[in-house]
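Q:
Numbering (the numbering used here), first residue to last: 16 to 296.
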């Protein structure tokens, strides 16, 4: 976790961006994987509300208004805080802001659990998403082979050993599935007895290798919200055996025994009407 002084400097920079304003342009987003078949086509009515909101944020945000920092400052451009669409946040801040804006009941449960865990009010972290999914608290656990994972599902990884050693360490990573996982020809790192899958995700991070929306000019160093490809590994029984951060050969394999991974599904929430109040948190 970045030092508090760094976060304060980044938030001051965000305030300058908001004061300056700016025009919005649509971002050109990457395909899932060259030579790989993407998930089945979607009907617009089948896209769950929080996924629609997350996709809109990734598409609308400009690089200069997008930073990966530990905190949660997301401005949607249509709420009480005026200015361009902006995200100065980390993975859990991004997912939490999306779920809160979508009005998902699970977010209220997560918020209460996070406050009870730490003794003070702060937004839910990656570990809170992981534990909520495993406990089926606001989520339906998806304990099935990768093809059963759907767009809109939440993937949470727990960095349990790091979080136990240092309260300031990242507790894990959380992301939103953008496309159903597809099988891929295995590439390094190879793991005996496993099958590899590509899954397109939306998150706030430094990016997931070359095929990532954050690889635009000026984005590589700062990271932020975007679309990238996570690599999953399944064992002979179809269970998720681990993951690699990207499709790059140098991305290390993280076994589930060291970094447990949980997939959770949210109940659908009807899309908010245009006149409904919006959230900037």
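Virtual Cβ for every residue (Gly too), placed ideally from N, Cα, C.
#1: Specify the secondary structure class of residue 253 as computed by DSSP and reduced to three states.
#2: Looking at the structure shown, is residue 169 part of a helix, part of a strand, or coil, going by DSSP?
#3: Can you give the Cα-Cα distance for residue 268 and residue 196, rounded to whole angstroms?
#4: Have a look at 72, 218 and 248 and flag the residue whose alpha-carbon is nearest the alpha-carbon of residue 116.
#5: Look at the alpha carbon of residue 98 and the alpha carbon of residue 193, and state the distance between them as a whole number of angstroms.
#6: Quick check on residue 102: buried or exposed, where buried means 16 or more other Cβ atoms within 10 Å of its Cβ?
#7: Would you call residue 1 buried or exposed, if buried means 16 or more other Cβ atoms sit within 10 Å of its Cβ?
#8: May I ask you to verify whether the region 106-121 touches the region 73-93, counting CB pairs closer than 8 Å and requiring at least 3?
#9: Any idea what DSSP makes of residue 188, helix, strand or coil?
#10: If the criterion is Cβ atoms closer than 8 Å, does the pair residue 277 and residue 90 meet it?
#11: Report all residues from its chain with a CB closer than 6 Å to the CB of residue 69; omit the five preceding and five following residues, and keep chain order.
#12: When you compare only the Cα positions, how much space is there between residue 282 and residue 263?
#13: Please list, in chain order, all residues of the same chain as residue 203 whose beta carbon is under 7 Å from its beta carbon, the five residues on each side excluded.
#14: Across which residues does DSSP place residue 81 in a beta bridge pair?
#15: Can you name, in chain order, every residue of its own chain whose Cβ lies under 6 Å from the Cβ of residue 161, other than the five neighbours on each side?
#16: Tell me the residue span of the alpha helix (DSSP H) that contains residue 277.
#17: Take residue 2 and list the residues in its own chain whose beta-carbon comes closer than 7 Å to its own, dropping the five residues that flank it on each side.
#18: Is residue 167 near the ligand MG, judged by its Cβ being under 7 Å from some heavy atom?
#19: Less than 8 Å separating the beta-carbons of residue 238 and residue 230?
#20: State yes or no: is the C-beta of residue 214 within less than 8 Å of the C-beta of residue 244?
#21: Residues in the same chain with beta-carbon distance under 7 Å from residue 251, minus the five sequence neighbours each way, listed in chain order, please.
#22: Since residue 156 and residue 257 are thought to touch, with beta carbons under 8 Å apart, how far apart are those beta carbons, to the nearest angstrom?
#23: Take the Cβ of residue 159 as the centre, count every other Cβ of all protein chains shown within 10 Å, and call the residue buried at 16 or more, exposed below.
#24: Locate the beta strand (DSSP E) running through residue 220, then write down its first and last residues.
#25: With distances taken from CA atoms, which of 210, 138, 153 and 241 is nearest residue 220?
#26: From the DSSP output, which residues share a beta bridge with residue 241?
#27: Quick one, which of 100, 77, 118 and 79 has its alpha-carbon nearest residue 66's?
#28: Can you grab the Cα-Cα spacing for the pair residue 226 / residue 74, in whole Å?
A: Reading it off the structure:
#1: Position 238 of the chain shown holds residue 253. Three-state result, residue 253: coil.
#2: For the purposes of this step, residue 169 is taken as residue 154 along the chain shown, with counting starting at 1. Three-state DSSP puts residue 169 in a strand.
#3: Position 253 of the chain shown, counted from the first residue, corresponds to residue 268. Position 181 of the chain shown, counted from the first residue, corresponds to residue 196. Cα to Cα, residue 268 sits roughly 17 Å from residue 196.
#4: By 1-based counting over the chain shown, the position of residue 116 is 101. Measuring from the Cα of residue 116, the nearest candidate turns out to be 72.
#5: By one-based count along the chain shown, residue 98 stands at place 83. By one-based count along the chain shown, residue 193 stands at place 178. If you draw a straight line from the Cα of residue 98 to the Cα of residue 193, it is about 27 Å long.
#6: Numbered from 1 along the chain shown, position 87 holds the residue referred to as residue 102. The residue is buried, with at least 16 neighbouring Cβ atoms inside 10 Å.
#7: No information on residue 1 is available, as it lies outside the stretch 16 to 296 that the chain covers here.
#8: yes
#9: Residue mapping note: residue 188 aligns to position 173 of the chain shown, counting from 1. DSSP places residue 188 in strand when its eight states are reduced to three.
#10: Locating residue 277 in the chain shown gives position 262, where the first residue counts as 1. Locating residue 90 in the chain shown gives position 75, where the first residue counts as 1. In this structure, residue 90 does not lie closer than 8 Å to residue 277 by Cβ.
#11: As a position in the chain shown, residue 69 is number 54, starting the count at 1. Counting only Cβ-Cβ distances below 6 Å, and skipping sequence neighbours, we find 113, 191 and 217.
#12: As a working mapping, residue 282 is identified with position 267 in the chain shown. As a working mapping, residue 263 is identified with position 248 in the chain shown. Going from the Cα of residue 282 to the Cα of residue 263 covers about 34 Å.
#13: Residue mapping note: residue 203 aligns to position 188 of the chain shown, counting from 1. 264, listed in sequence order.
#14: In the chain shown, residue 81 corresponds to position 66, counting from 1. DSSP lists 102 as partners of residue 81.
#15: For the purposes of this step, residue 161 is taken as the residue at position 146 of the chain shown. Excluding residues within five positions, the ones whose Cβ falls inside 6 Å are 196, 212, 247 and 249.
#16: Within the chain shown, the letter at position 262 stands for residue 277. Run containing residue 277: none in the alpha helix (DSSP H); it sits in the beta strand (DSSP E), 276-280.
#17: Here the chain has residues from 16 to 296 only, and residue 2 is not among them.
#18: By its list of ligands, the structure shown contains no ligand whatsoever, and the ligand MG lies outside what it can speak to.
#19: Position 223 of the chain shown, counting from 1, holds the residue named residue 238. Position 215 of the chain shown, counting from 1, holds the residue named residue 230. Cβ distance not < 8 Å, so residue 238 and residue 230 don't count as in contact.
#20: Here residue 214 refers to the residue found at position 199 when the chain shown is read from its first residue. Here residue 244 refers to the residue found at position 229 when the chain shown is read from its first residue. A contact, by the Cβ cut-off of 8 Å.
#21: By one-based count along the chain shown, residue 251 stands at place 236. Excluding sequence neighbours, residue 251 sits near 208.
#22: Sequence index remark: in the chain shown, residue 156 carries index 141 (1-based). Sequence index remark: in the chain shown, residue 257 carries index 242 (1-based). That belief does not hold up - the Cβ atoms of residue 156 and residue 257 are roughly 18 Å apart, past 8 Å.
#23: Locating residue 159 in the chain shown gives position 144, where the first residue counts as 1. With fewer than 16 Cβ atoms within 10 Å of its Cβ, residue 159 is classed as exposed.
#24: In the chain shown, the residue the question calls residue 220 occupies position 205. Segment 210-220, the beta strand (DSSP E) holding residue 220.
#25: One-based indexing of the chain shown puts residue 220 at position 205. The residue with the shortest Cα to Cα distance from residue 220 is 241.
#26: What you label residue 241 is simply residue 226 of the chain shown in a count that begins at 1. Answer is 218.
#27: In the chain shown, counting from the first residue as 1, residue 66 sits at position 51. Checked all of 100, 77, 118 and 79; the closest Cα to residue 66 is 118.
#28: As a working note, residue 226 is residue 211 in the chain shown. As a working note, residue 74 is residue 59 in the chain shown. Cα-Cα distance, rounded: 16 Å.
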